[in-house]
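Chains as they are written, first to last, in this note's numbering: chain A, 400 to 751; chain B, 400 to 751. Ideal Cβ positions, reconstructed from N, Cα and C, are used throughout, including at glycine.
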DNA sequence: AGCGGAACCTAAAACGTTTTAGATTCGCCC
DNA sequence: GGGCGAATCTAAAACGTTTTAGGTTCCGCT
């Protein structure tokens, strides 16, 4: 591999000049720069990022650590869209993106640091839920941290979160506005903010209408298709079953859809189903899901931008950025619902 | 940040010894090693990967370049599972994983090299379809390359591919074995191997039964839910419509499902639908999809392992590794079909 | 006591870049 | 032609690590 010294030698200048020239920095004559550039392309010179990082004392790279509340960052329908936003923002700023290993029993913070330690990376994005102790340990290793889709109350760790409470309220209100009076909740039985915020939002909506919350109508369950299907069956087994159900995840809504189907009932006639997230498949279920569109890519983008700013010494305010979702009305609740535009722009490119 | 010199100084040894000790290399007394280790943990020393990379002349890192036949690596239902396998293999070998920017009009090979150039990365994995010229240009920059889910005929570029021809044949044969005689194909209208291999497999199956291939029954279309739905409608509009259809992607099968629904018909009674890929959602459609399980994670894993081997100077044979999928029988073709085990192992971890 | 060799340790160079401080050249004006 | 300042260039140090070649210490043996 040619180095900058090779380029410099062939161009008849010093490495310092070559460096300046190739980065179009002032202080080098246009003629010289052209010369250096020509030699560089001739040699197919590619600057060695590692050398540059060492010299500059910064990596211009961000690490991503995946939380515990997902199977794998790549296989999670929700988080991969967050990651997509991260990638966009990171690359737009000419930063690199490095992915830390998936968390598993046996990997500790020090193991993580072998991949995304200081020097390798200017900071890390923690996507989803991570044990607060771990986050502290990461901070202690001298890394800048931003957390996405979770936050650590009582700490100063910057975060980008979604307003799940307001979102759940919005969805529930939609159902109430449609005339439903017995609305069930298939919630998440997890010990982090998402779990209780969605419940609170659901209750907020009921309270705003002066309705009591029937405890029999709220089922907390594991996040997953099967668990949600079971919970929905439970709801439908009730002597006085709900006419609508809010599910805190679209994959869980798919479970609810299945449960209704298994009983030979119909959505939305017999049970209206609303989800949250708006993942790709949500537009293609039968019937298409009415749901809350959580700005997943936007969250990732914002988090990455904040982390990069932080690593440059700026301090974005507020410390916690909260985004809100929008209601997407499709068919699963019976409301009219024109077909909403799909999320994001498709980047379709031809081949050859 | 403490450096190895700090550790060495406090431990009263030279940096060289500290380096040896921390990596548990021979030539240092157990007592000394313990001492150095203690100082290191005391100082929360984390070795600087950048320094190490420069010194060793290798990055112990792999880059991933995403092909043109996907919106974004992260948002593609199929490829993100490939990526998952890549991550697993890479991290199991203590390599780092860096993701190159998504391809868009305007980014060239040189732009890519700013993120995954030689020195930053020991090699790159090209996931999916990339213009052969680009691959050549990457090779010219001195990078080791392995291609996954595509291959470059006429070149020496190592690849890991799936036997789409055999897979399509398997699926079609399943339908034929079920007694269907008019089987349609909703194929991919793309100019890379996947497109024609699936068609060939479909024809192979027909030919093996001595059946003619009715050209009216094969529809080549864009890869996507809507296009597939339209193609299915086209098939059903035929005076002599098929009783079964093979769709070369599960997302396309979902489009077919929708088309059938839109006509008030039923799957599988009025039209049997079979897909290919087996992505997460395929088990949760109505009815659940009979499909070909392409070993996506395995492909990623294998490709990563080959790339790492290559970067260490080994040359795995054969140059092109071909994996085969397995038929997953669910309900969408009417066959009995016990519920097959889900793919992969769930890595469920508690919180705090 | 002297020798040989193993075991342990270290100095210094090397990796490829950027940056800093200083040197040289050039053009211009008096 | 001399002097000045700006423009252009360069030498050398620095970043944090590993490796190589060599140095020292220590032990056991004769």
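Item, Value
"Buried or exposed by the 16-neighbour rule on C-beta atoms within 10 Å, applied to residue 430 of chain A", "exposed"
"Cutoff 7 Å: residue 437 of chain B Cβ touching any chain A Cβ", "no"
"Enclosing beta strand (DSSP E) for residue 495 of chain B [first to last residue]", "495 to 498"
"Start and end residues, beta strand (DSSP E) containing residue 460 of chain A", "460 to 465"
"Assigned exposure category for residue 695 of chain A - 16 Cβ within 10 Å defines buried", "buried"
"Alpha helix (DSSP H) segment containing residue 659 of chain B, residue limits", "649 to 661"
"Closest residue to residue 555 of chain B among B/577, B/531, B/571 and B/520 (Cα-Cα distance)", "B/531"
"Nonlocal neighbours in the same chain, by C-beta distance under 6 Å from residue 642 of chain A, ignoring five residues either side", "579 and 581"
"Residue(s) in a DSSP beta bridge with residue 691 of chain B", "B/726"
"Beta carbon proximity, residue 498 of chain A to chain B, threshold 7 Å", "yes"
"Contact set between the segment 535 to 548 of chain A and chain B, restricted to residues whose Cβ is under 7 Å from the partner", "539, 540 and 541"
"DSSP state of residue 746 of chain A mapped onto helix, strand, coil", "With a pLDDT of 33 at residue 746 of chain A, under the threshold of 50, the modelled position of this residue cannot be trusted, and the question is left open."
"Residue 751 of chain A - DSSP class collapsed to helix/strand/coil", "Model confidence at residue 751 of chain A stands at a pLDDT of 29, short of 50, so the residue's coordinates are unreliable and nothing is read from them."
"Reduced DSSP secondary structure (H/G/I, E/B, other) of residue 407 of chain B", "helix"
"Neighbour flag for residue 683 of chain A against chain B, beta carbons, 7 Å", "yes"
"Enclosing alpha helix (DSSP H) for residue 537 of chain B [first to last residue]", "531 to 539"
"For residue 646 of chain A: DSSP bridge partner residues", "A/585"
"Whether residue 546 of chain A touches residue 698 of chain A by CB criterion (7 Å)", "no"
"Nonlocal neighbours in the same chain, by C-beta distance under 6 Å from residue 693 of chain A, ignoring five residues either side", "561, 676 and 724"
"Cβ shell of residue 700 of chain B (< 8 Å), same chain only, five flanking positions each side left out", "484, 485, 487 and 488"
"Bridge partners - residue 573 of chain B, DSSP secondary structure assignment", "Looking at the DSSP assignment, residue 573 of chain B forms no beta bridge with any residue, so it has no partner."
"Positions along the segment 415 to 444 of chain A whose CB lies within less than 7 Å of some CB in chain B", "443"
"C-alpha gap between residue 461 of chain A and residue 440 of chain A, whole angstroms", "29 Å"
"C-beta atoms of residue 464 of chain B and residue 407 of chain B nearer than 7 Å", "no"
"Chain-order list of residues whose beta-carbon lies under 7 Å from that of residue 744 of chain B (same chain, five-residue window excluded)", "In this prediction, residue 744 of chain B scores a pLDDT of 40, lower than 50, which makes its location untrustworthy; no coordinate-derived value is stated."
"Residue 624 of chain A: contacting residues in chain B (beta-carbon distance under 7 Å)", "683"
"Proximity below 7 Å, CB of residue 731 of chain B to CB of residue 640 of chain B", "no"
"For residue 423 of chain A, the three-state DSSP class (helix, strand or coil)", "coil"
"Through-space distance from residue 706 of chain A to residue 713 of chain A, alpha-carbon basis", "9 Å"
"beta-carbon residue 643 of chain B near the ligand PLP non-hydrogen atom, thresh 6 Å", "The ligand PLP is not part of this structure, which contains no ligands at all."
"Three-state secondary structure (DSSP) of residue 671 of chain B", "strand"
"Cβ-based contacts, 9 Å cut-off: residues of the segment 654 to 667 of chain A near chain B", "654, 656, 657 and 660"
"Classification of residue 568 of chain B by the beta-carbon crowding that lies within 10 angstroms, buried from 16 upward", "buried"
"Chain A within 7 Å of residue 592 of chain B, Cβ atoms only", "no"
"Straight-line Cα distance separating residue 624 of chain A from residue 477 of chain A", "14 Å"
"Residue 455 of chain B, buried or exposed, once every other Cβ within 10 Å from all chains shown has been counted against 16", "exposed"
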